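Everything below concerns the one structure shown next.
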Amino acid sequence: MKAVVMESTGAPDVLQLSEIDAPQIEQKREIKVRLKAAGVNPIDTKLRRAGTYHPELTPTILGCDGAGIVESVGAAVERFAVGDEVYFCNGGIGGPCGNYAEYAVVDERYVAHKPAALTFVEAAAAPLVLITAWEALHDRVGIKAGDKVLIHAGAGGVGHVAIQLAKIAGAEVLTTVSDQEKAAFCSELGADQVTLYSETDFAKVALSWSRGRGVDCIFDTVGGQTFSDSFAALRYGGDLVTLLQPAPDLDWKIARMRNLRISLELMLTPLYYNMIEARQHQGNILSQCAALFDQGKLGIKVADVLPLARAAEAHQRIEQGSTSGKLVLAIDSE
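For the sequence shown, position 210 matches number 191 in the numbering used here, and the numbering has no gaps at all.
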């Protein structure tokens, strides 16, 4: 099969289109999927530069997100049949089991039926960001109707999904963006208020928006100074969940004085530790989101679609930092 293979870490050009053996079903609950598209995420670029979670496994195929058609099933598979259209987040953190390829083999427990409302390209853009936003807002924070929520970088891959999930839960949403075009996009998604972080102090905006009380929770997808500046925007006892690792020299005084609850979200943890129940939960998240897509309550923005052979270009564009929505690799596996 054709696959984009990485033999060493480095610049995007270490990603090379190659011909390798296709994976085969080895366990009774596995399904083999003929991939039609693969999502590209910032974590892919980080693993390419710094190394994978499993450097001992080579060659490496990146890409956690995939969507395609079931080609064959293991003897104990119950939920899927040949010909079913599916989407999932699996592999891509080390070794040859990523989705920048024509085929993937994955345990059925971590897979969901593709939303009928989405194309394969749109479905491939969705899993990692859906799971990340869902776990942050529901599993970490316990978002509920009436909450005032601040979502940083609302036009990004995770952010634009988080806005929608927060609104579906009945929350009010304030979000930060870098320009007016992204502001308009977030307003279309349902954000109640949008602020340009380069022109305003988002903490002051959040306090004004919440009538001085502070917002109930903040979802930080940016990290660094944005994380620490968020302390002052939260109500006493509020929740702050971040996707990034806080700096070792961070001053926690304001967070401590305001009795904040700090949560960390890394949706790849269950994959890394092979936590079966947690991974099943992530598959269930995708099934719940599929229903929301098909009900017209949830959408995914694809910024651009590139052929598999141009994976390096996709990485370059993500690293430039100007992408709104998701980049996707289209895979011709006929």
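We put the CB at the ideal spot given by N, CA and C, even for glycine.
Please read these numbers as outputs of a predicted model, since none were measured by experiment.
Practice prompt. Label Leu170 either buried or exposed according to how many other C-beta atoms from any shown protein chain fall within 10 Å of its C-beta, with 16 as the threshold for buried.
Written response: Result: buried.
Worksheet item: Is DSSP giving Tyr253 helix, strand or coil here?
Response: Helix at Tyr253.
Item to complete: Within the same chain, show all residues whose beta-carbon is closer than 8 angstroms to that of Ala62, passing over the 5 residues directly before and after it, in chain order.
Response: Excluding positions up to five away in sequence, the list reads Val51 and Val54.
Worksheet item: Which of helix, strand or coil does DSSP assign to Glu315?
Response: Only weak support exists for where Glu315 lies, its pLDDT of 46 falling under 50; the value from the coordinates is given anyway. Residue state, collapsed to three classes: coil.
Item to complete: Given a cut-off of 7 angstroms, decide if Val222 and Arg298 are closer than it, judged by their beta-carbon atoms.
Response: When the beta-carbon positions are compared, Arg298 and Val222 stay at least 7 angstroms from each other.
Discussion item. I need the boundaries of the beta strand (DSSP E) containing Pro288, first residue and last residue.
Written reply: Note, Pro288: beta strand (DSSP E), Val283 to Pro288.
Worksheet item: For Ile42, does the three-state DSSP call read helix, strand or coil?
Response: Of the three classes helix, strand and coil, the one that applies to Ile42 here is coil, per DSSP.
Item to complete: Could you say which of Gly(-9), Lys148 and Ala136 lies nearest to Tyr178 if we only look at CA atoms?
Response: Taking Tyr178 as reference, the option from Gly(-9), Lys148 and Ala136 with the minimal CA-CA separation is Ala136.
Discussion item. At the level of alpha carbons, what is the spacing between Gly219 and Asn240?
Written reply: Taken atom to atom, the span from the alpha-carbon of Gly219 to that of Asn240 is near 8 angstroms.
Worksheet item: What does a CB cutoff of less than 8 angstroms around Glu315 pick up in its chain, not counting 5 residues either side in sequence?
Response: Unreliable placement is indicated for Glu315, whose pLDDT of 46 sits below 50; no coordinate value is reported for it.
Worksheet item: The beta strand (DSSP E) with Ile199 in it runs from where to where?
Response: Run containing Ile199: Val196 to Asp201, per the beta strand (DSSP E) assignment.
Item to complete: Using only alpha-carbon positions, find the residue among Ile1, Lys13 and Val21 that is nearest to Thr304.
Response: Per the Cα distances, Val21.
Worksheet item: Using the beta-carbon count (16 or more within 10 Å), is Tyr68 buried or exposed?
Response: Buried, by the Cβ-count rule.
Practice prompt. May I have the straight-line CA-CA distance separating Cys45 from Cys70, to the nearest angstrom?
Written response: Answer to the nearest angstrom: the Cα atoms are 5 angstroms apart.
Practice prompt. Give the single residue among Lys13, Leu99, His133 and Ala126 whose Cα lies nearest to the Cα of Ala114.
Written response: Closest by alpha carbon: His133.
Item to complete: Enumerate in chain order the residues of its own chain whose CB-to-CB distance from Gly302 is below 7 angstroms, with the five nearest sequence positions on each side excluded.
Response: There are no such residues.
Fill in: Distance, Arg237 Cα to Asp88 Cα
About 43 angstroms.
Worksheet item: Where does Gly140 fall in DSSP's three states?
Response: Annotated three-state conformation of Gly140 is helix, per DSSP.
Item to complete: Can you have a look at Trp233 and say buried or exposed, based on whether 16 or more other CB atoms are within 10 angstroms of its CB?
Response: Exposed, because fewer than 16 other Cβ atoms sit within 10 Å of the Cβ of Trp233.
Worksheet item: According to DSSP, is Val(-14) helix, strand or coil?
Response: In the structure shown, Val(-14) falls within a strand segment according to DSSP collapsed to helix, strand and coil.
Discussion item. Considering only their Cβ atoms, is the gap separating Ala106 from Val283 smaller than 7 angstroms?
Written reply: At the C-beta level, Val283 and Ala106 come within 7 angstroms of one another.
Fill in: Exposure of Ile257, with buried meaning 16 or more beta-carbon neighbours within 10 Å
Ile257 comes out exposed.
Discussion item. Bridge partners for Gly49 per DSSP, in chain order?
Written reply: Beta-bridge pairing links Gly49 to Leu16 and Val67.
Item to complete: Please determine, among Pro251, Pro40 and Thr26, the residue with the shortest C-alpha to C-alpha distance to Ser(-1).
Response: Ser(-1) has its Cα closest to that of Pro40, out of Pro251, Pro40 and Thr26.
Worksheet entry | Cβ shell of Gln8 (< 8 angstroms), same chain only, five flanking positions each side left out | For Gln8, where only same-chain residues beyond five positions count, the Cβ hits under 8 angstroms are Gly55 and Asp88.
Discussion item. What does the alpha-carbon distance come out to for the pair Pro77 and Lys125?
Written reply: Rounded to whole angstroms, Pro77 to Lys125 spans 40 angstroms at the Cα level.
Worksheet item: Can the beta-carbon of Val286 be found less than 7 angstroms from the beta-carbon of Val102?
Response: Yes, the Cβ-Cβ distance between Val286 and Val102 is below 7 angstroms.
Worksheet item: Given that a residue counts as buried once 16 or more other Cβ atoms are within 10 Å of its Cβ, and exposed if not, what is Gly193?
Response: Taking all protein chains shown into account, Gly193 has fewer than 16 neighbouring C-beta atoms within 10 Å of its C-beta and is therefore exposed.
Worksheet item: Leaving out the 5 sequence neighbours to the left and right, which residues in its chain are closer than 7 angstroms to Ile6 when beta-carbon positions are compared?
Response: Here the set comprises Lys13, Ser53, Gly55 and Val86.
Worksheet entry | Bridge partner(s) assigned by DSSP for Thr157 | The bridge partners DSSP lists for Thr157 are Thr176.
Item to complete: Taking Ala293 as part of the beta strand (DSSP E), name the residues at either end of that continuous run.
Response: It is not in any beta strand (DSSP E) - Ala293 instead sits in the alpha helix (DSSP H) that spans Ala292 to Gln301.
Worksheet item: Taking the alpha-carbon positions, what's the Asp91 to Pro251 distance?
Response: One detail in the question is off: residue 91 reads as Tyr in this sequence, not Asp. Looking at the two C-alpha atoms, the distance is approximately 11 angstroms.
Worksheet item: Mapping DSSP to helix, strand and coil, what is Gln(-3)?
Response: Of the three classes helix, strand and coil, the one that applies to Gln(-3) here is strand, per DSSP.
Practice prompt. Assign Ser189 to one of two classes, buried (16 or more other C-beta atoms within 10 Å of its C-beta) or exposed (fewer than that).
Written response: With a threshold of 16 other beta carbon atoms within 10 Å, Ser189 falls short and is exposed.
Discussion item. For Gly277 and Asn255, what's the separation of their Cα atoms in angstroms?
Written reply: Straight-line measurement puts the Cα of Asn255 at about 33 angstroms from the Cα of Gly277.
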